[in-house]
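Accompanying notes for the structure given below.
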Amino acid sequence: DLINLCCTRGEVGSLRSEITKEQVAELREKELRAANEILGVKETIILDFPDGGLMNGSELRERLVYYVRKFKADRVVTLDPWASYEVHPDHVIVGRMAAEAGTFAMFPLLYPEQIKEGIEPYHCSDIWFMGILGHQPNCFIDISSTLDKKIQAALKFEGTLELVAQLFSPDISPYDVSPKDMKKLSKNAGRLFRSMATVMGRKVDLKAAEAFYIQKVLPGHFDNFQQQMMEMLGNPPERPKIY
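Written out as structure tokens, the structure reads:
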């Protein structure tokens, strides 16, 4: 089962001055739920941490540990907080706290009030870092049969497409995106997403692929000591796994 946990409501994610935070949050939630419906997500949970780099890390970790335990999450998929030049504070703290939650949820003396509520400790299997990575991928997933669905879901996030409009169409200002502009943005974004998946796939002889950096979980640690030692000595990373 897929559970999607969104840590903020995205209420400051707009360049439009005539719109309120509450309106932005409502639009972002609508986009998220529409995308998750396409992807077959079983449950969407939206936490109410403040958007824009203002969330409390320790409080966030406590909440994420709670949900790892509650849903007995075998796999946590999150952003890579160690990605080079990641400037978005929400991306950094969410990625870091999600990774910590996955590696500490098995400790019964951590957040014992959760245990008293009947939320038992749980040993998560691994953390999957996605998107732009701070390390060479060690896993590629064949998404050739699901790429169209991925693009369809991604294009539901029109608010985000507006913010990064010039990434897809340099002639469109993110401060003034018309309905006609949005059609162009969606078309160009879809092409770019497809191209990115094709490039990743070509790396491992697949038509289309998604790259991840996976870390197996030990209590309070990643199971990467040997790998770290080898790379410290200048040895190349191990060959990635392909699924």
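Read in order, the letters of the sequence shown are residues 14 to 256 in my numbering.
Glycine included, every Cβ here is placed at the ideal spot set by N, Cα and C.
As the structure is a prediction and not an experimental result, all values here were calculated from the model.
Measuring CA to CA, which of the options is closest to residue i?
i	options	result
His-104	Phe-117, Leu-73 and Lys-83	Leu-73
Ala-118	Val-89, Trp-95, Arg-29 and Ser-191	Val-89
Ser-157	Met-213, Tyr-80, Lys-197 and Ile-132	Met-213
Pro-253	Pro-125, Cys-152, Asp-64 and Lys-216	Cys-152
Tyr-256	Lys-220, Gly-247 and Phe-238	Lys-220
Thr-21	Ile-32, Gln-36, Phe-62 and Phe-120	Phe-62
Check the C-beta distance from residue i over to residue j and give it rounded, since I have them as a contact under 8 Å.
i	j	result
Ala-38	Glu-50	Actually they do not touch by this definition, with Cβ atoms about 19 Å apart.
Leu-60	Cys-19	7 Å
Val-217	Ser-138	With 8 Å as the limit, Val-217 and Ser-138 do not qualify as a contact, their Cβ atoms being about 23 Å apart.
Using DSSP with H/G/I as helix, E/B as strand and the rest coil, what is residue i?
i	result
Leu-60	strand
Asp-236	coil
Ile-32	coil
Leu-52	helix
Asn-201	helix
Leu-45	helix
Does any residue of chain C bring its CB to less than 8 Å from the CB of residue i?
i	result
Leu-28	Checking the listed chains, one finds no chain C in this structure; it contains a single protein chain.
Three or more C-beta pairs below 8 Å linking the region 15–22 and the region 52–63: Touching, yes, given that three or more Cβ pairs across the two stretches are closer than 8 Å.
Start-end ranges of the alpha helix (DSSP H) lying completely within the region 209–234, minimum 4 residues: Fully enclosed alpha helix (DSSP H) runs of 4 or longer: not present.
Cβ contact (3+ pairs, closer than 8 Å) linking the region 162–171 and the region 105–112: No, because fewer than three Cβ pairs between the region 162–171 and the region 105–112 fall closer than 8 Å, the two stretches do not touch.
The region 221–230 in contact with the region 128–145 per 3-pair CB rule at 8 Å: With a cut-off of 8 Å, the region 128–145 and the region 221–230 count as touching, because enough Cβ pairs lie within range.
Three-pair Cβ contact test at 8 Å for the region 199–210 versus the region 232–250: Contact annotation: the region 199–210 does not touch the region 232–250, with fewer than three C-beta pairs closer than 8 Å.
Uninterrupted beta strand (DSSP E) stretches inside the region 145–196 (no shorter than 3 residues): As far as the region 145–196 is concerned, its whole beta strand (DSSP E) runs of at least 3 residues are 152–155.
contact_flag[the region 186–199, the region 168–175] where n(CB pairs < 8 Å) is 3 or more: The region 186–199 makes contact with the region 168–175; the number of CB pairs closer than 8 Å reaches 3 or more.
Ranges of the beta strand (DSSP E) found wholly within the region 60–132, counting only runs of at least 3: Taken in chain order, the whole beta strand (DSSP E) runs of length 3 or more contained in the region 60–132 are 88–92.
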